[in-house]
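Note that the working numbering numbers the sequence shown so that position 106 is 131, with each residue one more than the last.
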Amino acid sequence: MRPFKYSRAQNTGNAVQTVAANTNSKFLAGGTNILDLMKEDVERPDELVDVTRLNFSQVRTVEGGANKGGVSIGGLGRNTDTANHPLVRQNFPLLTQAILAGASQQIRNMATNGGNLNQRTRCSYFYDTAMPCNKREPGSGCGALEGINRMHALFGWSNDCVAVHPSDMCVALVALDAVVKVQGTDGKERSIPFADYHRLPGNTPQKDNILNQGELITAIEIPKNNFASKSYYLKVRDRASYAFALVSVAAALEIEGNAIKNVRVAMGGVSHKPWRAVEAEKFLTGKAATEANFKAAADAEMRNAKPLEHNKFKVELGRRAIVRALTQAMKGGTNA
């Protein structure tokens, strides 16, 4: 690990101003990703600004604004605390399931919600400094494009990057129409729809999201919905724990009469950003919640997949995962 300066932010303004003033500085919260990257010489910040003492860890009901009646989770709240909070477990069980499917208990106890959003890809070429990687070193090439790309993207990739976003939590958040609250150097807060927060790689894969230097995540708001009784998070991976998703699916349904009034489907392990399955949602809206319709919706979504040499199996895996997640959601999120 290279030498770096460490400081502890006294307040939010101090934190954002310090990081904004140094383009090679980073915020430090749980540290479960940035410290590993520094040890591997993948990330080389010369300054870390500790924000763990700032007051952004609460989980509370949103009292006003567009998301009134929903929930706000603090950007510095720990993943475990968020997943187990009564407001989240009762009203947004999809988020609880997704968080608890990620990483390990030890990491979830340390990792923060804001850090979860900003974690970097686990692509092996990104972590191996001897290999080309446009995300780590722009212009060097993408080793995974013609390399071992079994774990890599099906949607939205470019010739510059085929990596996938590693988060489980983010898949649920994009399905739940979350909004990211960030504070900038001008002291003003801005709201970013979750679907817009992360970026596709294009020709600038080093940019994971649309944050400006120095902007700090203060909270994530989830609007009130009627999905609590019929939602499910499915994670398909090589091992039952300590493994990232080959494919994951967040599914949520609202039924009125015999038809699907509202539906959300999102996927993980398939794109540079948490992937909202809009084609599947469009197909299902207004239709009966039947296995045949679930299969047709999965076909509609996966029709646009562009597999690489070693991940063609993920297309059929994605189809089956969508059908299974929707089926389990209809059963109330159980495996019965």
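Every residue, glycine too, gets a C-beta built ideally from N, C-alpha and C. Everything numeric in this text was worked out from a predicted model, so none of it was measured.
Who are residue i's beta bridge partners in DSSP?
{"i": "C186", "result": "S183"}
{"i": "P218", "result": "V204"}
{"i": "D106", "result": "Answer is none; D106 lacks a bridge partner."}
{"i": "E72", "result": "K30 and S50"}
{"i": "V96", "result": "T86 and I247"}
{"i": "T137", "result": "R103"}
{"i": "C158", "result": "C167"}
Measure the CB-CB distance between residue i and residue j and report whether it falls below 8 Å.
{"i": "K278", "j": "K255", "result": "Here the sequence assigns Leu to residue 278, which means Lys is not the residue at that position. Cβ atoms of L278 and K255: closer than 8 Å."}
{"i": "V44", "j": "Q208", "result": "no"}
{"i": "L241", "j": "T37", "result": "yes"}
{"i": "K210", "j": "V41", "result": "Inspection of the sequence shows that residue 210 is occupied by Thr rather than by Lys. Contact flag set, yes."}
{"i": "D193", "j": "N159", "result": "no"}
{"i": "G293", "j": "L179", "result": "no"}
{"i": "P163", "j": "Q231", "result": "yes"}
{"i": "I124", "j": "T107", "result": "yes"}
{"i": "V187", "j": "L198", "result": "no"}
{"i": "A200", "j": "A126", "result": "no"}
{"i": "T352", "j": "E316", "result": "yes"}
{"i": "L112", "j": "T77", "result": "no"}
{"i": "K93", "j": "P70", "result": "no"}
{"i": "R114", "j": "T105", "result": "no"}
{"i": "N141", "j": "N234", "result": "no"}
{"i": "V189", "j": "V295", "result": "yes"}
{"i": "G358", "j": "P118", "result": "yes"}
{"i": "R147", "j": "F252", "result": "no"}
{"i": "A155", "j": "A276", "result": "no"}
{"i": "R85", "j": "N134", "result": "no"}
Out of the options, state which residue places its alpha-carbon closest to the alpha-carbon of residue i.
{"i": "S216", "options": "I285, V204 and F117", "result": "V204"}
{"i": "E68", "options": "A284, N36, M26 and R133", "result": "M26"}
{"i": "V340", "options": "H177, L351 and D221", "result": "H177"}
{"i": "G55", "options": "N47, S32 and N138", "result": "N138"}
{"i": "V87", "options": "T146, N109 and N116", "result": "N116"}
{"i": "H223", "options": "P191, E214, N250 and N251", "result": "P191"}
{"i": "L284", "options": "C148, A276, G166 and A314", "result": "One detail in the question is off: residue 284 reads as Ala in this sequence, not Leu. Taking only the C-alpha atoms, the option nearest A284 is A314."}
{"i": "R161", "options": "E65, D221 and R103", "result": "E65"}
{"i": "A265", "options": "E316, S129, A34 and N104", "result": "S129"}
{"i": "L62", "options": "Y150, R33, A91 and L101", "result": "Y150"}
{"i": "A46", "options": "F29, E72, G181 and R85", "result": "E72"}
{"i": "R175", "options": "A354, K298 and F338", "result": "F338"}
{"i": "Q35", "options": "L79, L60, G311 and F29", "result": "L79"}
{"i": "A220", "options": "F81, V303 and R85", "result": "V303"}
{"i": "K312", "options": "E281, I59 and C167", "result": "E281"}
{"i": "Q83", "options": "G181, N109 and I59", "result": "N109"}
{"i": "K206", "options": "N49, R328, A91 and L60", "result": "A91"}
{"i": "H297", "options": "S183, D202 and I173", "result": "S183"}
{"i": "S336", "options": "C195, G172, K30 and Y267", "result": "Per the sequence shown, residue 336 should be read as Asn rather than Ser. When each option's Cα is compared against that of N336, the closest is G172."}
{"i": "W300", "options": "G166, F81, G181 and D263", "result": "G181"}
{"i": "Y152", "options": "I59, N49, E214 and L53", "result": "I59"}
{"i": "D202", "options": "E214, G166, N250 and C167", "result": "N250"}
{"i": "R145", "options": "G168, C195 and S165", "result": "C195"}
{"i": "G212", "options": "Y267, R33 and N39", "result": "N39"}
{"i": "S48", "options": "R33, A136, G89 and L236", "result": "The sequence shown places Thr at residue 48, rather than the Ser named in the question. Taking only the C-alpha atoms, the option nearest T48 is L236."}
Taking 7 Å as the cut-off, is the CB of residue i close to at least one heavy atom of the ligand NAP?
{"i": "Q35", "result": "The model depicted lacks the ligand NAP and carries no ligand whatsoever."}
Segments of 4+ residues assigned as alpha helix (DSSP H) that fall wholly inside the segment 216-301: 219-222
Stretch-stretch touch, CB-based, cutoff 8 Å, three pairs: the segment 302-317 with the segment 221-229: no
Stretch-stretch touch, CB-based, cutoff 8 Å, three pairs: the segment 233-248 with the segment 91-111: yes
Three-pair Cβ contact test at 8 Å for the segment 320-337 versus the segment 250-264: no
Validate contact between the segment 341-358 and the segment 314-322 using beta carbons, cut 8 Å, 3 pairs: yes
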